[in-house]
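Trainee: The listed protein sequences correspond, in order, to chains Z and W. Its first residue numbered 0, the first sequence is counted upward by one per residue in numbering that gives the first Met the number 0. Its first residue numbered 0, the second sequence is counted upward by one per residue in numbering that gives the first Met the number 0. Glycine included, each C-beta is placed from N, C-alpha and C at the ideal position.
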Amino acid sequence: MSISVILMQLGKGMIVTAEIFFLTLLFSLPLGLVIAFGRMAKNSVVSLLCKIYISIMRGTPLMLQLIVVYFAPFYVLGLKIPNYRFPAIIIAFALNYAAYFAEIYRSGIESMPIGQYEAAEVLGYNKGQTFFKIILPQVIKRILPPITNETITLVKDTSLAFVLAHAEMFTLAKQIAAKETSIMPLMIAGVFYYIFNLIVASAMERLEKALNYYR
Amino acid sequence: MEEQVLLTINHMSKSFDSEEVIKDISLSVKRGEVVSIIGPSGSGKSTLLRCATMLEKMDRGDLIYLGEPAAWEEGGKCVYAPKAKLREIHKNFGLVFQNFNLFPHYSVMKNIIDAPMTVEKISKAEATERAEKLLAQLGLSDKADAYPYQLSGGQQQRVSIARALALQPKILFFDEPTSALDPELTGEVLKVIKELAKEHMTMIIVTHEMQFARELSDRIIFMEQGIIQAEGTPEEIFHSDNERVREFIGKFQA
Chain Z
0 MSISVILMQL
10 GKGMIVTAEI
20 FFLTLLFSLP
30 LGLVIAFGRM
40 AKNSVVSLLC
50 KIYISIMRGT
60 PLMLQLIVVY
70 FAPFYVLGLK
80 IPNYRFPAII
90 IAFALNYAAY
100 FAEIYRSGIE
110 SMPIGQYEAA
120 EVLGYNKGQT
130 FFKIILPQVI
140 KRILPPITNE
150 TITLVKDTSL
160 AFVLAHAEMF
170 TLAKQIAAKE
180 TSIMPLMIAG
190 VFYYIFNLIV
200 ASAMERLEKA
210 LNYYR
Chain W
0 MEEQVLLTIN
10 HMSKSFDSEE
20 VIKDISLSVK
30 RGEVVSIIGP
40 SGSGKSTLLR
50 CATMLEKMDR
60 GDLIYLGEPA
70 AWEEGGKCVY
80 APKAKLREIH
90 KNFGLVFQNF
100 NLFPHYSVMK
110 NIIDAPMTVE
120 KISKAEATER
130 AEKLLAQLGL
140 SDKADAYPYQ
150 LSGGQQQRVS
160 IARALALQPK
170 ILFFDEPTSA
180 LDPELTGEVL
190 KVIKELAKEH
200 MTMIIVTHEM
210 QFARELSDRI
220 IFMEQGIIQA
230 EGTPEEIFHS
240 DNERVREFIG
250 KFQA
């Protein structure tokens with residue numbers, strides 16, 4: 000089997016991998032912010048629940064979480080959800096990554112000097128205006144390096160979706176490798192992940208540079 | 000025109016944990032008055048300012064701006080007015096911080112126009128016009144597009160004064176406005192405050208600059224251990240019979 004044929008067959012998997020990547024970011028970045036707020040909430044019940052959530056999500060394997068999210072509706076509730084495989088993958092990834100992002104947001108928010116809040120308060124900004132206009136933009140600049148790290152990990156973690164036998168990049172590469180008894184498809188998959196991450200890293204670097212207009 | 004009282008503080012007390020840092024302080028400030036608060040570190044000057052600007056909640060006492068109570072005592076506890084009312088009352092005063100607290104991600108211009116646009120909902124054109132006047136007045140016209148990190152400490156403090164003035168407060172509080180500055184940069188900030196005094200801006204200034212307080216103030220308050228130890232015109236304070244006042248001022252004139 001020639002490289003171009005392998006590439007053709009892997010092509011669809013690449014698209015699915017990219018889908019998992021972007022959808023996970025789309026849902027986990029805002030969800031992480033909500034969880035970070037919960038974690039920092041004055042209400043101790045809310046704060047504790049968020050702390051436990053983060054602890055479980057970070058303390059158990061993502062692969063296990065994928066399996067649980069996929070099979071729990073049927074085993075626990077007896078529900079058969081049609082076409083649930085892909086949504087289950089996105090839900091599991093988003094829930095898992097939101098926990099990591101929540102802690103990154105929290106570290107950024109808590110590192111902001113109190114003076115910024117006080118200045119905004121005295122100028123008459125309300126809480127929402129203070130957060131979205133004054134605090135969050137500065138937090139984003141501070142947390143970009145750890146966010147980049149997580150994002151790069153996510154690109155590679157998408158391969159875990161193979162446990163649910165979804166036809167993403169890694170699953171396909173393994174199948175083709177087994178069928179053709181060739182290491183080539185796996186090598187190509189590796190190159191794909193690497194290039195994907197090069198693009199992610201350089202995009203994030205650009206973003207960091209763009210935010211360097213102030214200190 | 001009758002002299003209008005802008006700020007009244009009655010029997011203010013404030014404790015942190017079990018330590019009482021403000022003990023039953025009463026004070027009122029009339030329109031156009033410049034009041035300096037001096038005293039040793041830990042005397043409660045900054046806490047008084049932070050309670051007056053509602054950055055800290057006082058434990059007991061009344062806080063009244065232009066006859067509108069922001070907080071009052073009820074059943075031995077201090078009750079604050081509802082949020083909407085406080086928002087209105089907030090518009091009466093501005094505060095200049097010791098370490099500026101400019102918004103680093105905003106240009107000088109944006110630092111000044113953002114609050115009027117966000118809080119007062121005035122148009123960008125109007126806010127910009129106001130800001131340009133202030134920048135010219137404070138000698139910062141060429142810095143409108145700069146970012147705070149590109150400015151010296153003295154320039155940053157002048158921007159923060161402009162930011163506070165852009166909301167057209169009736170009273171401007173200063174919390175040790177020159178304490179974070181090199182001595183050579185202190186002068187330019189003090190000059191700006193003196194200009195404001197000439198325009199009869201009502202100001203309450205916590206400061207360690209004795210000579211400045213003496214030249215500028217209508218009234219000086221000497222605080223120590225959470226109480227007002229002495230209060231009077233600069234001449235009265237600088238020639239006070241009070242032993243502690245003499246000792247404190249003496250240290251600065253050495």
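1. I'd like to know if the region 173-189 of chain Z and the region 28-43 of chain Z are in contact, where contact means that at least 3 CB-CB pairs between them fall below 8 Å.
2. According to DSSP, what are the bridge partners of residue 76(W)?
3. Give the secondary structure of residue 164(W) by DSSP, where H, G and I count as helix, E and B as strand, and everything else as coil.
4. Go ahead and pull the three-state DSSP assignment for residue 153(W).
5. Using a cut-off of 7 Å between C-beta atoms, extract the partners of residue 176(W) located in chain Z.
6. Pick out whichever of 168(Z), 96(Z), 206(Z) has its Cα sitting closest to the Cα of residue 52(Z).
7. Are the C-beta of residue 18(Z) and some C-beta of chain W separated by less than 7 Å?
8. Residue 98(W) touches chain Z at which residues, Cβ-Cβ below 7 Å?
9. Name the DSSP beta bridge partners of residue 12(W), please?
10. Any beta carbon from chain W within less than 7 Å of residue 204(Z)'s own beta carbon?
11. Taking a Cβ distance cut-off of 7 Å, strictly less, list which residues of the region 56-71 of chain W are near chain Z, in chain order.
12. Taking a Cβ distance cut-off of 9 Å, strictly less, list which residues of the region 127-153 of chain Z are near chain W, in chain order.
13. Is DSSP giving residue 228(W) helix, strand or coil here?
14. Just the chain Z side, please: which residues come within less than 8 Å of residue 103(W) by C-beta, in chain order?
15. Would you mind giving the Cβ-Cβ distance between residue 48(W) and residue 28(W), rounded to the nearest angstrom? I have them listed as a contact below 8 Å.
16. Residue 160(Z) and residue 149(Z) look like a contact to me (Cβ under 8 Å); what is the Cβ gap, rounded to whole Å?
17. Note down, in chain order, every chain W residue with its Cβ under 9 Å from the Cβ of residue 123(Z).
18. Can you find a CB in chain Z that lies within less than 7 Å of the CB of residue 54(W)?
19. In chain Z, which residues lie with their C-beta within 9 Å of the C-beta of residue 93(W)?
20. Residues in its own chain within less than 7 Å of residue 188(W) by CB, not counting five upstream and five downstream?
21. Round the Cβ separation of residue 100(W) and residue 117(Z) to the nearest angstrom and send it over; I've been treating them as touching at under 8 Å.
22. Tell me which residue opens and which closes the beta strand (DSSP E) that residue 65(W) is part of.
23. Within 10 angstroms of its Cβ, does residue 44(Z) collect 16 or more other Cβ (buried), or is it exposed?
24. When you compare each of 88(W), 131(W), 171(W), 207(W) to residue 196(W) by their alpha carbons, which one comes out closest?
25. Sorted by chain position, which residues of the same chain lie with C-beta nearer than 6 Å to residue 27(Z)'s C-beta, five sequence neighbours on each side aside?
26. Leaving aside the five residues before and after residue 134(Z) along the sequence, list all residues of the same chain whose C-beta is less than 6 Å from its C-beta, in chain order.
27. Could you check whether the Cβ of residue 209(Z) sits closer than 7 Å to any Cβ belonging to chain W?
28. Does the CB of residue 79(W) have a neighbour CB from chain Z at under 7 Å?
29. Within the continuous beta strand (DSSP E) that includes residue 93(W), where are the two ends?
30. In three-state DSSP terms, what is residue 159(W)?
31. For residue 78(Z), which residues of its own chain have a beta-carbon under 6 Å away from its beta-carbon, when the five flanking residues on both sides are left out?
32. Within 7 Å (strictly less), CB to CB, does residue 118(Z) reach chain W?
33. Quick check: the Cα distance between residue 255(W) and residue 8(W), rounded to an integer number of angstroms?
34. Could you tell me the boundaries of the alpha helix (DSSP H) in which residue 48(W) lies?
35. Taking residue 201(W) as part of the beta strand (DSSP E), name the residues at either end of that continuous run.
36. Just the C-alpha distance for residue 34(W) and residue 30(Z), rounded to the nearest angstrom, thanks.
Mentor: With the given structure in hand:
1. no
2. 73(W)
3. helix
4. Helix.
5. Listed along the chain, the chain Z residues whose CB falls inside 7 Å of the CB of residue 176(W) amount to none; the nearest CB is some 14 Å away.
6. 96(Z)
7. no
8. 114
9. Bridge partners of residue 12(W): 59(W).
10. no
11. none
12. Legend: CB atoms of the region 127-153 of chain Z lying less than 9 Å from CB atoms of chain W belong to residues 128, 132, 133, 136, 137, 140.
13. strand
14. 137, 213, 214
15. The pair is not a contact, with the Cβ atoms about 12 Å apart (cut-off 8 Å).
16. Not a contact, Cβ separation roughly 17 Å.
17. 86, 89, 90, 114, 117, 118, 119, 166
18. Residue 54(W) counts as touching chain Z.
19. Within chain Z, the residues near residue 93(W) are 121, 122.
20. 153, 156, 157, 176, 177, 180
21. 7 Å
22. Careful: residue 65(W) lies outside any beta strand (DSSP E) and carries neither H nor E.
23. exposed
24. 171(W)
25. 93, 96, 97, 100
26. 111
27. no
28. Cβ-Cβ to chain Z under 7 Å: no for residue 79(W).
29. 92-95
30. Note: residue 159(W) maps to helix in three-state DSSP.
31. 72
32. The Cβ of residue 118(Z) sits closer than 7 Å to at least one Cβ of chain W.
33. Lying before the first or after the last residue shown, residue 255(W) is absent from chain W, which here runs from 0 to 253.
34. 44-51
35. Residues 201-205.
36. 50 Å
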